[in-house]
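Undergrad: Here it is: the structure, laid out below.
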Amino acid sequence: MKIGIVCYPTFGGSGVVATELGKALAKEGHEVHFITYSQPSRLDFLNENLFYHEVGVRSYPLFEYPPYELALASKMVSVVKNEKLDLLHVHYAIPHASAAYMAKQILKTHGIYIPVVTTLHGTDITLVGKDASYEPVVTFSINESDGVTSVSEDLKKETYHSFKITRDIEVIPNFIDLEKFKKQKKDHFKKAICPHGESLIVHTSNFRKVKRVGDVVKVFNNIHKEIPSKLLLIGDGPERSVAETMARDLAIGDAVRFLGKLEAVEEVLSVADLFLMPSEKESFGLAALEAMACEVPVISSNTGGLPELQLQGVTGFMSNVGDVEDMTRNALFVLDKNNLPKFKESALARAKEFDISNILPLYERYYEKILEKAAKHRPVGSLT
Ligand code: GMT
61 MKIGIVCYPT FGGSGVVATE LGKALAKEGH EVHFITYSQP SRLDFLNENL FYHEVGVRSY
121 PLFEYPPYEL ALASKMVSVV KNEKLDLLHV HYAIPHASAA YMAKQILKTH GIYIPVVTTL
181 HGTDITLVGK DASYEPVVTF SINESDGVTS VSEDLKKETY HSFKITRDIE VIPNFIDLEK
241 FKKQKKDHFK KAICPHGESL IVHTSNFRKV KRVGDVVKVF NNIHKEIPSK LLLIGDGPER
301 SVAETMARDL AIGDAVRFLG KLEAVEEVLS VADLFLMPSE KESFGLAALE AMACEVPVIS
361 SNTGGLPELQ LQGVTGFMSN VGDVEDMTRN ALFVLDKNNL PKFKESALAR AKEFDISNIL
421 PLYERYYEKI LEKAAKHRPV GSLT
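Counted the way the working numbering counts, the sequence shown spans residues 61 to 444.
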C-alpha cells in the first residue's frame with residue numbers, strides 16, 4: 061500500500077504513535093509518506109520506503125494567523141497526486157481531519173478518490189474538540205472520514221457522547237516496540253542518581269494542566285517522608301515551573317530533578333522503580349505503557365483509557381483523580397522490596413500484549429477494509 065501519514069511531529073503521544081506506525085509499515089514493505097510541518101522527532105532511521113514531505117506555510121502581512129490548514133490540504137493534494145497514494149491516515153482530528161476532507165474534495169475534481177482514515181487520540185476530543193469554536197468542524201470531519209479509529213474504548217464512548225457521530229469507530233490501542241523499549245543495563249546511571257540505594261520514581265509528560273504534575277510532587281513528597289527516594293521528571297511544558305516551586309517549598313528540591321525533553325526516555329525508565337501518572341484525563345496513557353515495557357510498575361489515576369491498560373493490583377494501582385493519599389499508600393506497597401519484583405514482571409508481561417507485532421496487523425486489516433469499501437464507492441471513470 062502507499063500510505064500518507066499526517067500528524068503533529070512533536071514529542072506528544074499522537075505524533076509518537078503516528079511515527080512509530082509509519083516506520084513499522086515501511087518495514088513491512090508499505091510505502092509511507094509523512095506530511096508534516098517538520099521532521100517527526102522519532103523519524104530517525106533510513107528506509108527506502110519512508111518519505112517526508114514538509115508543509116511550508118507562507119506568511120503574508122495580512123495574515124494574523126498563518127493558514128496552516130490550507131497549506132496542509134494543498135500539500136496533501138500534491139503528494140496524493142504525484143506519489144499516487146492509496147490512502148491518507150490523519151492523526152488527531154484538529155485540523156488534520158478537516159484538511160484531509162478539503163484535500164479529498166479537491167482531488168475528486170481531478171478524478172482521484174482518496175480514502176481518509178482519522179485516528180482520534182484524546183485531547184482532540186476530550187479537551188479541544190468539544191469546545192464550541194471547533195465542535196461543528198470536528199463532528200463534520202469525523203463523519204466524512206472513510207474510517208475512524210480511537211485509541212481506547214473509553215475515547216470511543218466519549219466521542220459518541222460528545223459529538224453526533226454517524227460512523228462506526230474502530231478501537232485500535234496504542235502500541236510499543238519492545239525491541240526498542242526494553243530495560244537496558246544502566247547500573248552506573250542508577251548508582252549516580254541513587255548512590256545510597258534510594259527508590260527511583262519517574263514521571264514523563266508534556267507538563268500540561270491535564271497531567272496534574274502537582275500531584276506527582278505531592279505523592280513523591282509523601283513517599284520521601286517514608287523511604288529514601290528520588291524523583292526524576294522528564295519533559296517540559298506550562299506547569300513545569302509550578303512543580304519546581306512546589307518541590308522547593310516542600311524542601312525536597314535535592315531529591316527532585318527536572319531533566320527536560322529527552323530523546324532516549326527508555327534509558328531513564330531502565331533504572332526506574334515506579335512510574336507516576338495521576339492525570340485528570342488520559343485516553344490511553346502511552347507514557348505508562350512505555351514505562352511498563354521497561355519493567356516499571358505504574359501508579360496512576362483511573363481515568364479514561366487507563367483501566368484498559370493497567371491491571372489493578374497487578375501492573376500497579378489506579379486511584380481516583382486527585383486521591384494523593386491512596387496513590388501514596390499504593391506506591392509504598394509496590395516499592396516494598398518483597399512486592400516490587402512481582403509488579404515489575406507483571407508490568408512487562410502486560411506491555412507485551414501491546415507489542416507492535418500485535419497491533420500493526422490491526423491497522424493493516426483496517427486499511428484493507430477501508431480500501432475495499434472505497435473501491436465500491438469510487439465514481440466510475442475515476443483515476444484511482
Ligand atoms: O497527552 C498528551 O497531552 C499528548 C496527547 C497527544 O495527542 O499527543 O496524547 C494523547 O494521545 C496519546 C496517543 O494516542 C495517548 O496515549 C494519550 O493518553 C493522550 N493524552 C490524553 O488523552 C491527555
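Ideal Cβ placement from N, Cα and C applies to all residues, glycine included. Computed from a predicted structure; not experimentally measured.
If you follow the alpha helix (DSSP H) that residue 389 is in, where does it begin and where does it stop?
TA: On the sequence shown, position 329 is the one that residue 389 refers to. Taken as a continuous stretch (DSSP letters only), the alpha helix (DSSP H) holding residue 389 covers 384–395.
Undergrad: Measuring from the CB of residue 263, is there a heavy atom of the ligand GMT at a distance below 7 angstroms?
TA: Indexing the sequence shown from 1 puts residue 263 at position 203. Residue 263: no, Cβ never under 7 angstroms from the ligand GMT.
Undergrad: Could you give the residue range of the beta strand (DSSP E) that holds residue 179?
TA: Stepping through the sequence shown from its first residue, residue 179 is reached at position 119. 176–180 is the span of the beta strand (DSSP E), which, as asked, contains residue 179.
Undergrad: Could you tell me which of 216, 124, 192 sits nearest to residue 343, measuring between CA atoms?
TA: Looking up residue 343 in the sequence shown gives position 283. Of the listed residues, the one whose Cα sits closest to residue 343 is 216.
Undergrad: With respect to the alpha helix (DSSP H) encompassing residue 134, which residues constitute its N-terminal and C-terminal limits?
TA: Within the sequence shown, the letter at position 74 stands for residue 134. From DSSP, the alpha helix (DSSP H) with residue 134 extends over 128–143.
Undergrad: If we count Cβ pairs, one from each stretch, closer than 8 angstroms, do we get three or more for the segment 147–156 versus the segment 172–180?
TA: The segment 147–156, when compared against the segment 172–180, does touch it at the 8 angstroms Cβ threshold.
Undergrad: Between residue 272 and the ligand GMT, is the CB less than 7 angstroms from at least one heavy atom?
TA: As a working note, residue 272 is residue 212 in the sequence shown. Answer for residue 272: no, Cβ out of range of the ligand GMT.
Undergrad: Report the partner residues of residue 112 according to the DSSP bridge assignment.
TA: By one-based count along the sequence shown, residue 112 stands at place 52. DSSP output for residue 112 lists 94 as bridge partner(s).
Undergrad: Give the DSSP-derived three-state secondary structure of residue 165 in the structure shown.
TA: For the purposes of this step, residue 165 is taken as residue 105 along the sequence shown, with counting starting at 1. DSSP places residue 165 in helix when its eight states are reduced to three.
Undergrad: Check residue 101 in the structure and name its three-state DSSP category.
TA: For the purposes of this step, residue 101 is taken as the residue at position 41 of the sequence shown. Residue 101: coil per DSSP, three-state reduction.
Undergrad: Is residue 310 near residue 262, with beta carbons less than 8 angstroms apart?
TA: Numbered from 1 along the sequence shown, position 250 holds the residue referred to as residue 310. Numbered from 1 along the sequence shown, position 202 holds the residue referred to as residue 262. Going by C-beta atoms, residue 310 is not nearer than 8 angstroms to residue 262.
Undergrad: How would you write the range of the beta strand (DSSP E) that residue 363 sits in, first residue to last?
TA: Indexing the sequence shown from 1 puts residue 363 at position 303. Here residue 363 belongs to no beta strand (DSSP E), and DSSP marks it neither H nor E.
Undergrad: Write down every uninterrupted run of the beta strand (DSSP E) in the segment 305–350 whose length is 3 residues or greater and which is fully enclosed by it, in chain order.
TA: Taking only runs of at least 3 residues, the beta strand (DSSP E) segments lying wholly in the segment 305–350 are 316–320, 334–337.
Undergrad: Short of 7 angstroms in beta carbon distance, which residues of its chain neighbour residue 304, apart from the five on each side in sequence? Order them along the chain.
TA: Start at 1 with the first residue of the sequence shown, and residue 304 comes out as number 244. These residues qualify, in order along the chain: 318.
Undergrad: Evaluate the contact criterion for the segment 355–366 versus the segment 289–303: three or more CB pairs, one atom per stretch, below 8 angstroms.
TA: The segment 355–366 vs the segment 289–303: no contact.
Undergrad: Where does the unbroken alpha helix (DSSP H) through residue 280 begin, and where does it stop?
TA: Stepping through the sequence shown from its first residue, residue 280 is reached at position 220. Counting along the chain, the alpha helix (DSSP H) containing residue 280 begins and ends at 273–286.
Undergrad: Please report the distance separating the alpha-carbon of residue 225 from that of residue 204.
TA: Here residue 225 is taken as the residue at index 165 of the sequence shown, counted from 1. Here residue 204 is taken as the residue at index 144 of the sequence shown, counted from 1. Distance between the alpha carbons of residue 225 and residue 204: 10 angstroms.
Undergrad: Let me check you understand the geometry: is the CB of residue 268 closer than 7 angstroms to at least one non-hydrogen atom of the ligand GMT?
TA: Position 208 of the sequence shown, counting from 1, holds the residue named residue 268. Result yes, Cβ under 7 angstroms from the ligand GMT.
Undergrad: Alpha carbons only, please: which of 159, 325, 274, 61 is nearest the one belonging to residue 102?
TA: Translated into the one-based positions of the sequence shown, residue 102 becomes position 42. Closest by alpha carbon: 325.
Undergrad: When you compare the segment 328–342 with the segment 229–249, are there three or more beta-carbon pairs, one atom per stretch, that lie closer than 8 angstroms?
TA: Judged by Cβ distances under 8 angstroms, the segment 328–342 makes contact with the segment 229–249, as three or more pairs qualify.
Undergrad: With a cut-off of 8 angstroms, does the C-beta of residue 89 fall near any C-beta of chain B?
TA: The structure shown has no chain B; it contains just one protein chain.
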